[in-house]
Amino acid sequence: MKFEEFYFSTFGEMGRYQKIQFWLVMIPTMICALHIYSWTFAAQKTPYRCALDGELGHTDAANYVTNDTRIKINLEECYDTKTKLRANWTGLNETNTSCHYESCNFADGTKCQEYVFDHSKVKYTALEKWEFVCESQDFFKSSFQAAYYVGQMAGSVIFGILGDKIGRKKCFFLALVLQLAFGLLQSVVPWSWMYLICRVITGFSHPGIFVIAVIIGMELVGPSYRTLSGIVTAVFFALGQVLLGVMSSYITDFRLLHLAITAPTVIFMTYWWIVPESIPWLISMSKFDEADKILQKAAKVNNVTLPENWWEILDNSESNSADGDRSEESDHQYSSADLFRTPKMLKRTLTVLFIWPVVTMTYYGLSIKPDVLGGDLHTSFILGGLIEMPALLIVYLTVDRIGRRPVLAGSFALTGITLLLNLVIPEDPIAQLLVARGAISSVYAVIYSFTPELFPTCVRNTAMGYCSMTARVGAIAASYVSFWVVERFGKIVLIIPFGGLAIMAAIATWVFLPETMGKPLPETIAEVEGTITDSEQQPLAPNSDSTSAKPGSSTTN
Numbered sequence: 001m002k003f004e005e006f007y008f009s010t011f012g013e014m015g016r017y018q019k020i021q022f023w024l025v026m027i028p029t030m031i032c033a034l035h036i037y038s039w040t041f042a043a044q045k046t047p048y049r050c051a052l053d054g055e056l057g058h059t060d061a062a063n064y065v066t067n068d069t070r071i072k073i074n075l076e077e078c079y080d081t082k083t084k085l086r087a088n089w090t091g092l093n094e095t096n097t098s099c100h101y102e103s104c105n106f107a108d109g110t111k112c113q114e115y116v117f118d119h120s121k122v123k124y125t126a127l128e129k130w131e132f133v134c135e136s137q138d139f140f141k142s143s144f145q146a147a148y149y150v151g152q153m154a155g156s157v158i159f160g161i162l163g164d165k166i167g168r169k170k171c172f173f174l175a176l177v178l179q180l181a182f183g184l185l186q187s188v189v190p191w192s193w194m195y196l197i198c199r200v201i202t203g204f205s206h207p208g209i210f211v212i213a214v215i216i217g218m219e220l221v222g223p224s225y226r227t228l229s230g231i232v233t234a235v236f237f238a239l240g241q242v243l244l245g246v247m248s249s250y251i252t253d254f255r256l257l258h259l260a261i262t263a264p265t266v267i268f269m270t271y272w273w274i275v276p277e278s279i280p281w282l283i284s285m286s287k288f289d290e291a292d293k294i295l296q297k298a299a300k301v302n303n304v305t306l307p308e309n310w311w312e313i314l315d316n317s318e319s320n321s322a323d324g325d326r327s328e329e330s331d332h333q334y335s336s337a338d339l340f341r342t343p344k345m346l347k348r349t350l351t352v353l354f355i356w357p358v359v360t361m362t363y364y365g366l367s368i369k370p371d372v373l374g375g376d377l378h379t380s381f382i383l384g385g386l387i388e389m390p391a392l393l394i395v396y397l398t399v400d401r402i403g404r405r406p407v408l409a410g411s412f413a414l415t416g417i418t419l420l421l422n423l424v425i426p427e428d429p430i431a432q433l434l435v436a437r438g439a440i441s442s443v444y445a446v447i448y449s450f451t452p453e454l455f456p457t458c459v460r461n462t463a464m465g466y467c468s469m470t471a472r473v474g475a476i477a478a479s480y481v482s483f484w485v486v487e488r489f490g491k492i493v494l495i496i497p498f499g500g501l502a503i504m505a506a507i508a509t510w511v512f513l514p515e516t517m518g519k520p521l522p523e524t525i526a527e528v529e530g531t532i533t534d535s536e537q538q539p540l541a542p543n544s545d546s547t548s549a550k551p552g553s554s555t556t557n
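With the first letter of the sequence shown counted as 1, position 241 gets the number 241 in full-length UniProt numbering; the numbers rise by one all the way through.
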């Protein structure tokens with residue numbers, strides 16, 4: 001029989017051991033949300049003005065409020081300069097007849113050499129520390145957010161390949177160490193280029209934690225609980241967003257904020273001793289000795305009896321053709337090329353490599369700048385995280401009843417239609433944005449569970465790595481569109497491409513991807529291609545190396 005069938009018949013689909021390990025690997029995904037969105041508040045825009053002779057620039061000793069006429073302009077001029085992005089309009093009230101301070105030039109047109117920032121609401125930001133001001137401010141803000149996604153892109157490939165080569169656990173822990181080290185460094189580095197590098201490496205760690213947590217979770221539990229992996233990580237990610245919104249309301253120094261959001265990762269250093277390697281991965285690599293030790297511990301926790309010589313149960317013979325397929329694959333060294341080598345694998349790979357960038361571009365495009373709804377930045381940001389909860393509940397109630405494919409395609413379509421409707425019915429933009437945000441959140445939750453079910457164990461982590469990598473292209477695009485392009489050309493440059501691509505992704509999902517609800521995870525490429533008849537229902541054919549690799553044998557891996 002297949003290992004999956006043996007495993008769940010012995011331990012249950014969600015026994016006590018699975019529950020403990022499942023929640024342990026899910027919790028760190030919340031910290032990923034804190035890091036990916038931290039730039040929203042580390043680079044929060046605050047009013048600034050030209051520093052006068054003798055003032056101490058952006059230090060606390062400089063008083064932002066002054067009546068010096070060299071940096072004030074009248075109301076008519078303020079309207080004109082605001083249009084040219086030269087003046088900050090903050091600080092006016094209905095009784096004011098004078099404009100706020102000029103941001104980038106003195107009243108005589110001379111360009112500022114230093115700047116004084118308003119600390120009345122925000123104590124210290126990265127924009128102030130490195131004086132990212134005036135016309136270049138939006139570009140720098142976009143680029144530093146994009147840097148995180150560049151790191152994610154590289155991490156997706158590296159951790160994707162390493163996860164299948166050296167194991168899920170080693171990659172998971174390595175990513176936690178990188179996140180801890182470079183997250184802390186962001187709070188103390190003195191130069192912007194060094195901060196940028198730290199941000200890239202922190203982003204690099206993200207897929208090693210988030211994506212591998214999803215995979216470990218899916219490999220722990222049975223088919224009826226498998227979608228929980230993607231949904232629970234999405235819930236923790238949303239909770240992380242809410243937590244960051246609350247924390248940043250009180251911690252307004254970006255250095256202390258980085259310290260606060262990174263410190264909890266110290267706790268996760270204990271995972272090296274309490275989180276074991278993925279058992280399905282060990283089986284796929286014929287590491288039966290290590291798998292047996294983990295299963296013995298799991299049996300004690302679940303209070304079940306592990307059959308003696310359980311590995312021999314996996315050795316029931318099947319048809320010669322099936323055995324040939326398995327034997328051939330067992331000797332094959334898998335690589336990224338296997339994702340494109342055979343027809344069905346090629347179709348699945350190309351489809352997911354298209355829809356993943358669409359979901360990240362749309363999701364981050366709608367969430368990375370939360371005050372696009374208007375109102376207070378922190379309130380809007382927290383609301384954005386809370387909006388995802390009912391959407392995820394709907395996914396949980398439907399995805400195991402009507403299937404992954406209709407939920408994914410339907411949510412994509414709803415996102416695209418809602419965005420495009422804003423062009424013809426612009427009267428209620430907030431409601432439309434909330435619907436679109438909820439729908440794309442549903443896509444995000446389902447796609448993390450659906451994609452691993454499409455690929456066999458031998459290349460599953462590699463496939464997820466490539467998906468996460470291409471997804472960063474969409475996230476990088478979202479950074480520049482939301483922070484930079486929309487500021488200059490208006491919301492239409494977001495609505496048309498994001499809405500149109502979401503509808504195209506819905507069509508591609510429905511036409512090219514199979515339904516996976518209730519089906520076991522494929523173990524080999526032969527199963528995906530259908531060269532093993534009724535492979536979804538048949539027991540596992542013998543692995544030619546399994547008997548030699550059983551516990552106590554001389555085989556080492």
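Idealized CB from N, CA, C, for every residue including glycine.
Give me the Cα-Cα distance between residue i and residue j, rounded to the nearest whole angstrom.
i	j	result
N302	K170	25 Å
G208	L174	8 Å
I440	W356	12 Å
T46	T470	34 Å
V177	Q186	14 Å
P406	I507	11 Å
L501	E388	21 Å
residue 580	C112	With the chain running from 1 to 557 in the structure shown, residue 580 is simply not present.
Y225	E131	50 Å
I283	G167	11 Å
V300	M464	The residue you asked about is not Val; residue 300 is Lys in the sequence shown. If you take the alpha carbons of K300 and M464, they lie about 32 Å apart.
V188	M14	43 Å
S449	L52	57 Å
D428	M345	43 Å
F288	L239	38 Å
I122	L34	Correcting the residue type first, residue 122 is Val in the shown sequence and not Ile. If you take the alpha carbons of V122 and L34, they lie about 19 Å apart.
N105	S136	14 Å
H206	T110	45 Å
Kindly identify the DSSP beta-bridge partner or partners of residue i.
i	result
V116	R49
K111	N105
Y37	DSSP lists no partner for Y37.
Y124	D253
Less than 8 Å between the C-beta atoms of residue i and residue j, yes or no?
i	j	result
A391	I503	no
T418	V395	no
P276	I294	yes
L155	T265	What sits at residue 155 in the sequence shown is Gly, not Leu. The answer is no: Cβ separation not under 8 Å.
T398	V443	no
I279	Y7	yes
A181	F354	no
V150	I368	no
G499	L420	yes
Y48	V116	yes
T379	I161	no
G245	I20	no
W484	F41	no
P452	E523	no
E529	T351	no
Y466	V157	yes
P28	F237	no
L257	M247	yes
Q152	S479	no
V304	T10	yes
Does the beta-carbon of residue i have 16 or more other beta-carbons within 10 angstroms, so that it is buried, or is it exposed?
i	result
G203	buried
S317	The predicted position of S317 is uncertain, since its pLDDT is 35 and thus under 50; a value taken from the coordinates is nonetheless stated next. Classification for S317: exposed.
G518	exposed
W39	buried
Y17	buried
K141	buried
R348	buried
N309	exposed
K2	buried
D376	exposed
S120	exposed
Y148	buried
Within the present structure, is the beta-carbon of residue i separated from the nearest heavy atom of the ligand GTP by less than 7 Å?
i	result
R437	This structure simply doesn't include the ligand GTP, nor any ligand for that matter.
* What residue ranges within the region 247-293 form continuous alpha helix (DSSP H) runs of no fewer than 4 residues, ordered along the chain? -> 254-262, 271-274, 279-284
Mind listing, in chain order, the continuous alpha helix (DSSP H) runs of no fewer than 4 residues lying wholly within the region 375-441?
-> 377-398, 404-424
As an exercise, report each continuous beta strand (DSSP E) stretch of at least 3 residues that is fully enclosed by the region 470-498, in chain order. none
Problem - Entirely enclosed alpha helix (DSSP H) segments - the region 210-242, minimum 4 residues - result: none
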